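2 protein chains.
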Amino acid sequence: MTEGQVIALSGGVGGAKLVLGLSHVLPSDRLVVVTNTCDDFDHYGLRVCPDTDTVIYTLAGLADAVQGWGRMGETWSFMSALQALGGEDWFNLGDGDLALHVLRSSRLREGASLTQVIREVSRNLNIDVAILPMCDQNVSTTVETTDGHLPFQQYFVREKCAPIVTGFSFDGIEKAVPNSDLVLALGENPSAIVLAPSNPYVSIDPILNVPGLRAMLRDNKAPVIAVSPIIGGEAVKGPAAKMMAELGSEVSALEVARHYQGLIDALIIDQQDASLATDIARLGIEVIVSQTVMNSLQDRIDLADVTVGLANRLMGE
Amino acid sequence: MTEGQVIALSGGVGGAKLVLGLSHVLPSDRLVVVTNTCDDFDHYGLRVCPDTDTVIYTLAGLADAVQGWGRMGETWSFMSALQALGGEDWFNLGDGDLALHVLRSSRLREGASLTQVIREVSRNLNIDVAILPMCDQNVSTTVETTDGHLPFQQYFVREKCAPIVTGFSFDGIEKAVPNSDLVLALGENPSAIVLAPSNPYVSIDPILNVPGLRAMLRDNKAPVIAVSPIIGGEAVKGPAAKMMAELGSEVSALEVARHYQGLIDALIIDQQDASLATDIARLGIEVIVSQTVMNSLQDRIDLADVTVGLANRLMGE
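Going down the list, the sequences are from chains E and U.
Taking our numbering, the leading residue of the first sequence gets -9, the next gets one more, and so forth.
Taking our numbering, the leading residue of the second sequence gets -9, the next gets one more, and so forth.
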């Protein structure tokens, strides 16, 4: 068993589930979480970072267990008052959640980097796992649809993912610089690079598109292991399956393998997709069949165990 | 009885009580409220306007009846989460109250004036009385104390008015321009200019110090009527009496009269201060003795009636 770090790339809810599992099976100094910031946006002058915050709340034990994002026991006086004031109410900001947005926005205006703010927040919430936004520059996903180009949160929240997707762009990505703490971590012989079961198009791809990062991950000695977010032809949560279909692809873990081909060494797929193993293996990708549906905390821990076990085996080869 | 407008200059809680009374005894188009903005400040990047907001919440029927400021039925999840994040917690921002601050800050950043924002907010809250911030420029009171110079909210909230006051400055006031809607209202033969029972030093004086405004009020044909915020040698609420004593003055309605001498035509004092009437009259100020403690809504309405009745009489002379 190696003692290097596990670097997990994550979007929101699904990714955060595996990250939580990993935090249970690894000492905290062996886990580094890289979060997608392409969903981040400014709303009423507040910088909102949905994926990073979901990881924060999950690791802090503050996440709403039912919806997977936001804070448990949240109150909604702000939204209710905002509506009465005639404000835009398509994006829900919980009262407690607002503290993070207000504090972050204030620190960013003072000149702190997002990485620094997330480090401060993590320390105050007693999170000892490193959470690294993929970059400190502002980048934003635009979803290209048959109804026109939509900023991600408008597509995702306001339009409820209804428009038919034709493509994506990650605005500002060409000027993004990989998080320097991530670059350092990649240089210190990590044990594994894990692509959490997040949306390949809008959660993982933005991270991979930070200039230089895909090559750094691919060329690292650590195995790159993805966990398929597509199970039995469906996404557990979110629009990944819908997007896949609209982009003209087969909706399956095989398509996930094709999507990540050239980058990943192994793909963990669900038991119900076992029949796809041969086709995936033909792509030169090692397949592990496991239970990947994470309903309970134990499911998260079990999948994390499988992932770390696979990493150790691949590193030993 | 004249049909002109009553222009009321107000700070927070005490002033808002009389303003509420005036809103009951006057048709809405006959009342204009001018609010002190020298207490306004930026907190976590949000523009907070305590006096203006107290007037807004009071006229909208949303004010907390017990404390007089803030919203009734307020929740505090934001502050609780902010504390957990290590944020500064000396200034309380309620969850519902935050909506106003966030919306306003966003509109101001978009280039709207404070006057415009308050107009929009008033419309959405069905307030049909004009609420005019004294000016649209950022101005801020500094309280000079034996412990040094303190921004107003730090003196008022963080230090709970404990430091001994030696003076005040209204930073930025020299560049302030009187609210243009107020200038218009002053030109349309108002019936009265009322100095509400607010703190003379930090609520009313900032308004009077907006360049040109004191002369405009003094030279207007309408009578200028003040209601003493000092009753029986004490302030009903806030540090007015404490400030008066620390500045070496007698703490009394007579001192209020002296403070406003040269500007006001009449002063309404409380029954318990009736013995001061002769001395006040010697200053060339007409004195009305009334009940000025406003515990109930009826008290507010009664004092407003006295004020408007006095204005009508003085206009008739």
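Idealized CB from N, CA, C, for every residue including glycine.
Everything numeric in this text was worked out from a predicted model, so none of it was measured.
For the candidate residues the options, whose alpha-carbon lies nearest to that of residue i?
| i | options | result |
| --- | --- | --- |
| residue 253 of chain U | U/143, U/211 and U/44 | U/211 |
| residue 284 of chain U | U/-6, U/150, U/8 and U/33 | U/8 |
| residue 169 of chain U | U/134, U/105 and U/208 | U/105 |
| residue 114 of chain U | U/35, U/180, U/89 and U/238 | U/89 |
| residue 23 of chain U | U/157, U/143 and U/172 | U/172 |
| residue 76 of chain U | E/58, E/61, E/264 and E/109 | E/109 |
| residue 17 of chain U | U/295, U/256, U/306 and U/122 | U/295 |
| residue 19 of chain U | U/6, U/-6, U/5 and U/25 | U/-6 |
| residue 277 of chain E | E/129, E/213 and E/42 | E/213 |
| residue 6 of chain E | E/28, E/55 and E/32 | E/55 |
| residue 223 of chain U | U/181, U/259, U/194 and U/25 | U/259 |
| residue 229 of chain E | E/190, E/266, E/298 and E/267 | E/190 |
| residue 103 of chain U | U/307, U/28 and U/123 | U/123 |
| residue 293 of chain U | U/280, U/179, U/303 and U/304 | U/280 |
| residue 79 of chain U | U/34, U/282 and U/133 | U/34 |
| residue 234 of chain E | E/32, E/26, E/157 and E/120 | E/157 |
| residue 313 of chain U | U/81, U/101 and U/180 | One cannot answer for residue 313 of chain U here, as it falls past the ends of chain U, which runs -9 to 307. |
| residue 266 of chain E | E/145, E/143, E/179 and E/241 | E/241 |
| residue 339 of chain U | U/119, U/180, U/151 and U/25 | Here chain U has residues from -9 to 307 only, and residue 339 of chain U is not among them. |
| residue 121 of chain U | U/152, U/144, U/39 and U/198 | U/39 |
| residue 21 of chain U | U/178, U/147, U/307 and U/271 | U/178 |
Looking only at its own chain, which residues have a Cβ that is under 7 Å from the Cβ of residue i, when we skip the five neighbours before and after it?
| i | result |
| --- | --- |
| residue 364 of chain E | Within the shown structure, residues of chain E are numbered from -9 to 307, placing residue 364 of chain E beyond reach of any answer. |
| residue 273 of chain E | 247, 248 and 251 |
| residue 85 of chain E | 64, 65, 66, 67 and 68 |
| residue 154 of chain U | 135, 136 and 236 |
| residue 111 of chain U | 46 and 90 |
| residue 166 of chain E | 125, 127, 129, 200 and 201 |
| residue 225 of chain U | 219 and 231 |
| residue 221 of chain U | 260, 262, 263, 282 and 283 |
| residue 269 of chain E | 244 |
| residue 119 of chain U | 13, 18, 21, 23 and 49 |
For residue i, I'd like the list of residues in its chain whose CB is within less than 6 Å of its CB, leaving aside the five on either flank, ordered along the chain.
| i | result |
| --- | --- |
| residue 334 of chain E | Since the first residue of chain E shown is -9 and the last is 307, residue 334 of chain E is not available in this structure. |
| residue 263 of chain U | 243 |
| residue 117 of chain U | 49 and 50 |
| residue 193 of chain E | 1 and 26 |
| residue 239 of chain U | 245 |
| residue 151 of chain E | 229 |
| residue 271 of chain E | 277 |
| residue 174 of chain U | none |
Taking Cβ positions only, does residue i come closer than 9 Å to chain B?
| i | result |
| --- | --- |
| residue 84 of chain E | No chain B is part of this structure, whose protein chains are labelled E and U. |
Leaving out five residues on either side along the sequence, give the residues of the same chain with a beta carbon under 8 Å from the beta carbon of residue i.
| i | result |
| --- | --- |
| residue 53 of chain E | 6, 44, 47, 59, 60, 61 and 62 |
| residue 215 of chain E | 182, 183, 184, 185, 254, 255, 256, 257, 258, 297, 300, 301 and 304 |
- Message: Between the region 230 to 246 of chain U and the region 194 to 212 of chain U, can you find at least three pairs of beta-carbon atoms closer than 8 Å?
- Response: no
- Would you check if the region 85 to 95 of chain U and the region 138 to 150 of chain U touch, i.e. whether three or more CB-CB distances between them fall below 8 Å? no
- Message: Counting only Cβ-Cβ distances shorter than 8 Å, please list the residues of the region 20 to 42 of chain E near chain U, keeping chain order.
- Response: 34, 35 and 36
- Query: At which residue ranges does the region 102 to 167 of chain E contain complete alpha helix (DSSP H) runs of 4 or more residues, listed in the order of the chain?
  - Reply: 104 to 114
- Taking only beta carbons into account, state which residues of the region 87 to 108 of chain U come closer than 8 Å to chain E, listed in chain order. 87, 88, 89, 90, 92, 93, 95, 96 and 99
- For the region 13 to 20 of chain U and the region 62 to 71 of chain U, state whether three or more C-beta atom pairs, one from each stretch, are separated by less than 8 Å. no
- Message: Contact between the region 183 to 193 of chain U and the region -7 to 0 of chain U is defined here as three or more beta-carbon pairs at a separation below 8 Å; is this criterion met?
- Response: yes
- Run through the region 224 to 272 of chain E for me and flag every whole alpha helix (DSSP H) of 4 or more residues, listed as ranges in chain order. 230 to 236, 243 to 250 and 267 to 272
- What residues from the region 60 to 82 of chain E come within 9 Å of chain U, judged by C-beta to C-beta, listed N to C? 61, 63, 64, 65, 66, 67, 68, 69, 70, 71, 72, 73, 74, 75, 76 and 77
- Task: Count the C-beta pairs between the region 37 to 47 of chain U and the region 57 to 67 of chain U that are closer than 8 Å, then say yes if the count reaches three, no if not.
- Result: yes
- May I ask you to list, following chain order, the residues of the region 153 to 180 of chain E that have a beta carbon less than 9 Å from some beta carbon of chain U? none
- Item | Three or more C-beta pairs below 8 Å linking the region 113 to 131 of chain U and the region 148 to 164 of chain U | yes
- Task: Determine which residues of the region 110 to 131 of chain E have a Cβ less than 9 Å from any Cβ of chain U, and write them out in chain order.
- Result: 110, 111, 113, 114 and 115
- Task: Only counting runs of 4 or more residues, tell me where the alpha helix (DSSP H) segments fall wholly within the region 17 to 80 of chain E, in order along the chain.
- Result: 40 to 49 and 67 to 74
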